[in-house]
Structure formats: structure tokens, C-alpha cells
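Here is the structure we will look at, set down as C-alpha cells.
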Amino acid sequence: MGHLSMADATLSAQSKPEHATRPSFLRNLLLKNLSAKIAALPMIVTVLVVFVGCSAWSVYYSFTNSGQLPSGKFVGFAQYERLFHTARFIGAAKNLAMYGVMALVFTMVIGFLLAVLMDQKIRFENTFRTILLYPFALSFIVTGLVWQWIMNPNYGIEKVLHDWGFTNLHFDLLNNGNTVIYGLVIAGLWQGTGFVMVLMLAGLRGVDEEIWKAARVDGIPTWRTYLQIVLPMMRGVIVTTLVIVGSGIVRLYDLVVALTQGGPGFASDVPAKYVYDYMFGRANLGQGLAASTVMLVTVAIILIPWAYLEFGPKKNK
Amino acid sequence: MAVDTLEPRGMRPRPFFTPRKIIIYSLLFFVSVYYLFPMYVMIVTSLKDLDEVRGGNIFALPVRFTFDPWFKAWNSACTGLYCEGLKVGFFNSVKITVPSVIVSVLIASINGYALVNWRFKGSEVFFVILLFGSFIPYQVMLYPMVIILRELKMFSTLQGVILIHTIFGMPILTLLFRNYFASLPPELFKAARVDGAGFWRIFFQIMVPMSLPIFVVAMILQITGIWNDFLFGVIYAGNQNYPMTVQLNNIVNSTQGVKEYNVNMAATILTGLVPLAVYFISGKWFVRGIAAGAVKG
Amino acid sequence: MESSVSIKNLSLDFGSVKVLQSLDLEVARGEFIVLLGPSGCGKSTLLNCIAGLLDVTEGQIFIGGKNVTWAEPKDRGIGMVFQSYALYPQMTVERNLSFGLRVAGMPKAEIEQRVNRAAEILQIQPLLARKPANLSGGQRQRVAIGRALVRDVDVFLFDEPLSNLDAKLRSDLRVEIKRLHHRLKNTMIYVTHDQIEALTLADRIAIMKNGEIQQLADPHTIYNRPVNLYVAGFIGSPSMNFLEGTLNAANQTFVADDGTVVPIATYQFATPVSGSTKAVLGVRPEHIVIGEEAKSKPFNQEVEIEIVEPMGSDTLAWTKIAGKAVTFRCDSDVVITTGQKILVGFDPARGSLFNAETTNRI
Ligand SMILES: Nc1ncnc2c1ncn2[C@@H]1O[C@H](COP(=O)(O)OP(=O)(O)OP(=O)(O)O)[C@@H](O)[C@H]1O
Ligand SMILES: [Mg+2]
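Residue numbers (numbering that gives the first Met the number 0), protein chains in the order written: chain A, 0 to 316; chain B, 0 to 296; chain C, 0 to 361.
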């Protein structure tokens, strides 16, 4: 886009023939493309005040003993110490890790397999895609409530199984602290795999058709072509999908609220819910802010290696 | 070189049932069943009366077919204290979604346009921070935003939640518009510029008319996204403005009273109806939208 | 002459679109055939049918005497080289060459031997450990050829292998492909829309249009005795000059529409003619001569030069004969200027006559 700014430069040079002195340089910096700057003001304010300002504020106040209001005095890492000694938070983090690993692995694998399935020159591809993707249009609240009903221990699938005589089969995942996470995963997969499938399918379709022809002439079986030739070529799509799915998992909140409200006990609690409860429910701002800062750091840990790979020192593509 | 008439000739014989095809279509069938059955369960449950819901199994079709749960969900279901049904939430969601979509799309499209055609010192830096901002967990910014909105006297108001949606929708939409405008031929912009057209004139008379597809994609993304929002609604909108998702959750997960599963399911479907309608009507555009929104950079 | 690839009555439809129509083609063992035609005429489609990448609608394909109409590509004894190279980007050159063989379960030693031989022939030994991304376009195409080479097959198929390369590399690699053919003596079927490639490489050229082969002949015949107006106009750059008029068999003249008379006693007719017919006379720019030389030709005329285009090695000049724009080519040493009056002439023996209605050669 270098040529565009060049054009800008020449155009504005024409309108200001006199030699640029220092004040006029300053004026230039401020007033050049004034309407563009005014138009971009919402973005600038958002970036500075919200994304930078608010994050910095939160991080700063996580080092105070703020209670109901953000006043408090500086207490160093005390909030974090308390946080990491709070069973509820440790539990929430563990739950999220469990959920995250399972959801990530399954959405990626199933999403890829579904994309491969859809790539087999099937009839009614649009219909099948519509079916696989519609849950993604629904909110997590809707998703959570449907699955809550399906997994209802008294009237849901559990009852159907028993009515059919399978009395030793169980599908009451939500009632049991050890299995509730699987319930979350099932609902999450239902909502999100279609989306991953669509992204992966776009990636598959982006592969040069001649690659497929070459592989056929070489006599490489279809499954090996997918696995050893096409999949490595989709690195970009896969990384992007991982980042999107990953940062979605860290934020996991609505689904938990709708499906389990964090229960039974705190068995399906997640950090986002911990933050919310401490900030707005228990008036313990310091704790909430410390927990949210931990979330921020987690996302950064996911993001930084990716950003480095994508935008870092360029190696040959 | 004998040319035998029985030798292979013409179309390769393709039996209608090959093992491969059978496997593919049965897989597709089972997958489709998995994806469809929650919807099916929702619908049949919402059409049964409560006795039947309790007595029968969730897969069974309704015997005593009734629309009462739907009327109840819409008109008189209880959310805690009030029993005014989901319709309040529906209209709140409309009041939140319509202005939020318009404002956020407008601002993001102007951002994208400024970023591509009117670059100024630092514009790219702001954009990169904006993009990374989209990955910051909302929880980090929730409380400071409460303070800011309070200061602006917008906390617990419609304007407040609209502002929030505009802010948090900005990264992805700006990216969408920036990439689209960058793909337009730069000569168009230069020619208009040489003709003496200014910032706004070029935007409204040249860029916008050429970019209707991307506006459609952005609208789809925002309508479904904002309608489905829960977190911002519950925090910033205030009780009287709770959107449909929040009211739905309150109806279903409220602990007092008898659980009316049929009403709950009717309410759930009602809440999903708007995004589903957008999804089914927009079809390929929706797919384009999420693919475009996802493939960054 | 032993037949290597033989196509009988081949048709292919995409739904209602008929891309290839009852096409026949016999390729002898060791022959270099070029399929030449404009974009969309079905060259790639034909090649893909031979390779087995597309299922034919009608007809049969034989390779090495075996009916392969229903065979999988890998079982047809073909290797194929693509326009986009289609190398496997995540594998080294060595893996690219050997992957197919490994999958087929060939012993390690033989794989190594074949890869080394291909690398030696194509002079890509130093590149074996690299990934395709780190190769130049010409090197990539060599690797792509190598991948066909290791398959040790009788028939090579090329689909516009050079069109992604710049002009210089293209002519280098063209020579190399020719050298490769001399060395291996394989059958090669080569698709291009570049007529220089076709003329320089081919033993025989098949000119295609709308899914049909218009003419199949050696380059010399194609160039000098095109079977119809289409082939005549397609081959040659700048293209052949055409004059419309009437052919008089009785007094052996061609009378152009404006009355200009061209004696055609020297012309060798492809078919016996009698009476008078509407016809088109075609003359290539390089067959028109000027000055003293023109005087000895059966037809000559003084004309005015309209435009001069120096091309370096020679000069193109534009003028009018019989009211039609005509180009001719002359040595770059000859000085001609716009507006100059000059004597031009040609021998109809080197020209072509076509029936104006059927467009076929007379
Ligand atoms: N999958 C397809 N479905 C329908 N029509 C097709 C398909 N593939 C090719 N065609 C049509 O068949 C015709 C021949 O295509 P083909 O690729 O063989 O042309 P080509 O001679 O190789 O042209 P080019 O020089 O551009 O490569 C074209 O008109 C094309 O539009
Ligand atoms: Mg082609």
C-alpha cells in the first residue's frame, strides 16, 4: 500500500507549496487529513481508553485490596496469593483446562473429519452444511438450555434409556461433579464443530486441484493425500482456527451459566464465572480483577507464539 | 490390437451403491441426526402439555398437541418477580440490536476506509492494537467499563449497552471492512481524489455503493452476535432493558415454582428464532461472513 | 508403426456441455505430440481423459495396446506434469520424487536408484534436500518432471508446463524438454497454447477447436498446408493475409472482390476443382517479397506502405492489396518508409486457397 501514501504525500504537497517550517510541520501532523482523523477518532478512543486503558486499570487494581469499590491500597501480590489458594479458583482453572483440552482436540478433529466428509462431492452438500452449522447461529444460552433439558436426569435421555430397559446405562452427566465437564463438552461441540468444519472446508477447497491430480497419478490413496499432503498445506487455516477456538474457550461463560450454573457445587465453575461473581456478586473487586488478569495472561500465552509465527521475523513461506 | 466390443468403453460403470458411498452417506446421516435432534426435542417438548412431558419420553411426538406453552412463554412466563413473558425481552433485544448494528457497522466501515485510503501516522499501530484487543478476555475490561459508563451516565441504559456492542464489535468489523476496501482497485479512490472529492463524499458516493456485499456480511455477523449476547446485556443493560437471552435464562433457571419444561423449551426456541431466521435466509452469506471474519490478516 | 496411445471415438460431456466430441487420435511410440488450441477448446480435458483423471462419456482409450478406459491413473503407465507444478509443498524434493514409489511399497534401494537417475538427468541433485518453496520456477518444474520420470513410464503428459515461467526460462526449459525426449524416447503428449512451443517441440501437432481436432500433422505441413481457414489463421504470427474473391478453375486465376487478378497456375490443388467458386486466398507475411525479387513472381503489384514496424531481426510493413490490409515481412536491412511506393509480389504456390463456404483447403 506504499503507493497510496505516496499519492497522499504528493497531493498534500501540491496544496502547500511554501517551505515547511516547524510550526507548519506540527500543524501538518494535526490537520493533514483532518476529516480522516476525526472519522478514526472512535477507533483511537476505543483502542486507547478501552483496550489499553481498561486493561491497564484492571491489572493495576488487581494489586490493591479493593472491595466494593476500586479504592483500596496497594497490597502487592496478595490478591494473587489468595487466588491461588482459593479452592474454587483452582477448581475453576482445572475445569477450564479439562474442558479446553477436550473441546479443542475434539472440535479440531471432528471439524476436520466433517470437512473431509463434506468434500467428497456429495449430493445435497448445502443441506448438510446448513444442518451442521445452524447451532452456531444460536446463542450459548439457547444451546445450554436445550442440552440441560436433554440431559435432565428425570425426564431426559436418562429416562428414555431406562424406559427402554437399559437400566445400567446412564446419561445424567450434569448431576455428577465428575462428569459434568463432559456434559459441557458435548453441548460445546454441538454448537461449535460446524463452524470449524466450515473453516476447514474453506481450507480444503483452497488446495490447488492439480495437487489432487498429481497425487492420483502418483497412486496415493485418498486418505494419505488428506493426511500427508493436504493437511500440512492447511497450516494457516488450522492455526487461525486454533487461535479462535482457543480464545473462545478461555472466555467460556454463557454456556456454563445456562447449562449448569457452575454446579453441582463448583464442579463446572470456570474462571470467567469466578471473575463475574467476585466483581458483581461478592463485592470483592481485587479478587475479580486478579482472576481476570490471570485470564489475560493465559490468552497472551496462547497468542504470543502464534503472533510470533504469523507476524514475527519472516522466513520463507 | 484387437478391439473387443466387450472391452471397457465409455463411462466407467458406477454402481449406485459402492461401499464408499454407503459409508459416506450413513456417516452424514448419523451426524445430521446428532445435530438435528436437540432441535427436534425442543420442538416436540414445546408442543406437549406438562403431564405428557413428565410422563412420556423426550423423543416421542406430542399426543395432546398444544400451543399453550408458546403463548405462555411469550405472554406470561415468570422471570423472578415479573410474569410478563419473553415478549419484554424480545422488544428489548430489538431495541438493543437495531441501533447497535447500525452504529457499529457504520463506525467500523469508516474505520476500515480511513485505514486503507487515508492512512495517517500511527493508523496501523492503532489497528494492530485493536486486533489484539479482540483477544483480550472481556472479563478484564468489564469493571472499568462499568465505571466509564457510570461517569457518562449511561450505565444500565440502552445507550450504554449499544456503546458496549459498538466497542467490542469494532475489531472484527474493522478488519472485515479494511480487507474489503483494500481489495478494491486504488485507482477509483485516486481518481475521485484528483477530481477534488473529499473524505465523506468519496466514502458515501464511491466506497459504500461498491461494498454492499461486505455490508451484508457485517450486518449478519452483528445481528446474530448481538442478539445472542448474554454477558453485556446482563451487566450493562439494567433490569428494565434485559435482552431476550438474559430473560430466557432467568425464566428457565429461576429456582422458584414448578419447572415448566414445555414453556422453557418454547421460550428457548423463541429466543433462537431471530438468529435462525437470519441464518436460513442469508444462507451462503452467513458462511461467507463467518469464514471472512475468521480468516484474519 | 507401433501405437503407444490410441484414442477411439472419445466424447466427454460436463452435464449438457459437450467438451469433446467423437475424437480419434493415434500416437506412435516415442512420438512427441502437441495439442494446440485456444483457451477452453478442451486440451486439458483431453489430457485428463488420457491420464484417467476424468471419466469419459463415450469411446475408448488404449495405452501401450492395453484398454485403460476404466483404469485408475496410477495403473495407466503415465506420468504427468502440471502447469502449477503441483509439488507437495511440505516435502523435500527427494520426498516429492519418491513419495509415490514409497506408497506403492517399492524397495528402498530401487527408489533411491530411480530418484538418483531422475535427479541426474534433470540436474537437480543439489536440490534434493530442499523444499519446493525454496526453488525457482524453473527448478520446480524440473522437479515436477522428475516426479513423472521416477515412475518409469512410457507416456508423459504435460499440461502447459511452461506457462508459469518467464520468457527466458521458458525457452531454456523448452530446449531441455526436447533434449529429454531425445534421450528417453518416451511418448510425450504436450498441451500448450503457445505456437512457438508447438512448432519447435512437436513431431506432430494436433490443432484443436471446440473439442475437435482440426488438423493433425507435422509442423511443416501445419504451417504450409493448413487444412482450413481456422488452422491457417491460428498458426503463424503475424497471421496469414487473406484475400476474398472468386476462383476460376478454367483460366487458372483468382479474382479478388475488387477485380485484382492473381494467376494461380503454380498452385497445387488439394482437391480437383472445376468451374468457379467463392474462395479465400491466404498468403503468409514472410512469403511476400519486394523489389527485384517480386518481379519474377506470378503476382506482383506496386503498393503504398502504410505503417512500418521494425522488429529487430526483421521488419513488418502494412499495406493494402485488393483493398485488404496486408502485412509482409522483410529483412531489417531493407530501408522502407511510410508512404513509400514499393513493388511487392508472391507465388501462389506458397499460399493457400480455401473454399469460402466450407472454409476447407482447395
Ligand atoms: N468441471 C467442469 N464443468 C463444466 N465445464 C467444464 C469443466 N471443466 C472444464 N469445463 C469446460 O470445458 C471446456 C474445456 O476446458 P479445458 O480446461 O479442457 O480447456 P483448455 O483447452 O485446457 O483451456 P486452457 O488453455 O484455458 O487451459 C471449457 O469450455 C470449460 O469451461
Ligand atoms: Mg488447460
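Positions of the beta carbon are idealized from the N, C-alpha and C atoms, including for glycine.
- Rounded to whole angstroms, the separation of the alpha carbons of G232(C) and P37(C) is 12 Å.
- Interface residue (Cβ-Cβ distance to chain B less than 9 Å): Q147(A) is classified as such.
- For I341(C), the closest C-alpha among the options L52(C), K319(C) and I221(C) is that of K319(C).
- Going by DSSP, L183(A) is part of the alpha helix (DSSP H) stretching over V179 to R204.
- In the same chain as G41(C), and ignoring 5 residues on each side of it, the C-beta atoms closer than 7 Å to its own belong to V18, L19, M207 and G210, in chain order.
- Annotation: L22(C) to E30(C) spans about 19 Å, alpha carbon to alpha carbon.
- By a beta-carbon distance limit of 8 Å, D207(A) contacts A85(C). Their separation comes to about 6 Å.
- The beta carbon of E159(C) sits closer than 8 Å to at least one heavy atom of ligand 2.
- Listed along chain A, no residue sits closer than 8 Å to L11(C) by beta-carbon distance, the nearest being about 16 Å off.
- In this structure, Q138(B) sits near Y252(A), with a CB-CB distance shorter than 9 Å.
- Scanning A217(B), Y260(B) and L272(B) for the CA closest to the CA of M243(B) turns up L272(B).
- Its Cα nearest to that of M294(A), the residue A96(A) stands out among L68(A), A96(A), I219(A) and L131(A).
- In terms of beta-carbon proximity, V67(C) lines the interface with chain B, with at least one pair separated by less than 9 Å.
- According to the DSSP assignment, C329(C) belongs to the beta strand (DSSP E) that extends over K323 to D330.
- Around H192(C), the same chain offers no residue with a beta carbon nearer than 6 Å, after the five sequence neighbours per side are excluded.
- As the crow flies, the alpha-carbon of F167(B) is around 7 Å from that of S133(B).
- Counting C-beta atoms within 10 angstroms of its own C-beta, L168(A) has fewer than 16 neighbours from the protein chains shown and is therefore classed as exposed.
- For the C-beta of V251(B), the chain A residues within less than 8 Å are, from N- to C-terminus, L144, Q147 and A257.
- For E6(B), the residues of chain C that pass the 8 Å Cβ criterion are Q59, N66 and T68, in the order they occur in the chain.
- Here the C-alpha atom of I62(C) lies approximately 21 Å from the C-alpha atom of R182(C).
- Secondary structure note for T199(C): its alpha helix (DSSP H) is the uninterrupted segment Q194 to L200.
- In the DSSP assignment, S2(C) falls outside any alpha helix (DSSP H) and within the unbroken beta strand (DSSP E) covering S2 to F13.
- DSSP places S21(C) within a strand segment (E or B) once states are collapsed to three.
- Taking 3 residues as the shortest admissible run, the stretch 282 to 319 of chain C contains the following complete beta strand (DSSP E) segments, listed from N- to C-terminal end: 298 to 303 and 306 to 309.
- Inter-segment contact for the stretch 94 to 114 of chain A and the stretch 260 to 276 of chain A is present: three or more beta-carbon pairs are separated by less than 8 Å.
- For I237(A), no chain C residue has a C-beta closer than 8 Å to its own C-beta; the minimum C-beta separation is roughly 13 Å.
- Here S210(B) carries a coil assignment [DSSP, helix/strand/coil].
- For the stretch 55 to 69 of chain B, the beta-carbon criterion of a distance under 8 Å to any beta-carbon of chain A is satisfied by N56, I57 and F58.
- Distance from the CA of L230(A) to the CA of V197(A), rounded to the nearest whole angstrom, comes to 15 Å.
- From the beta-carbon of R11(B), the residues of chain C found nearer than 7 Å are D54 and W69.
- For G51(C), the three-state secondary structure derived from DSSP is coil.
- In this model, S273(C) and V254(C) are separated by some 15 Å (Cα to Cα).
- Under the three-state reduction of DSSP, V26(C) is assigned to strand.
- Counting C-beta pairs with one atom in each stretch, the stretch 63 to 79 of chain C and the stretch 111 to 121 of chain C have fewer than three that are closer than 8 Å, which means they do not touch.
- Remark: the C-beta of G90(A) is outside contact range of ligand 1, defined as less than 8 Å to any heavy atom.
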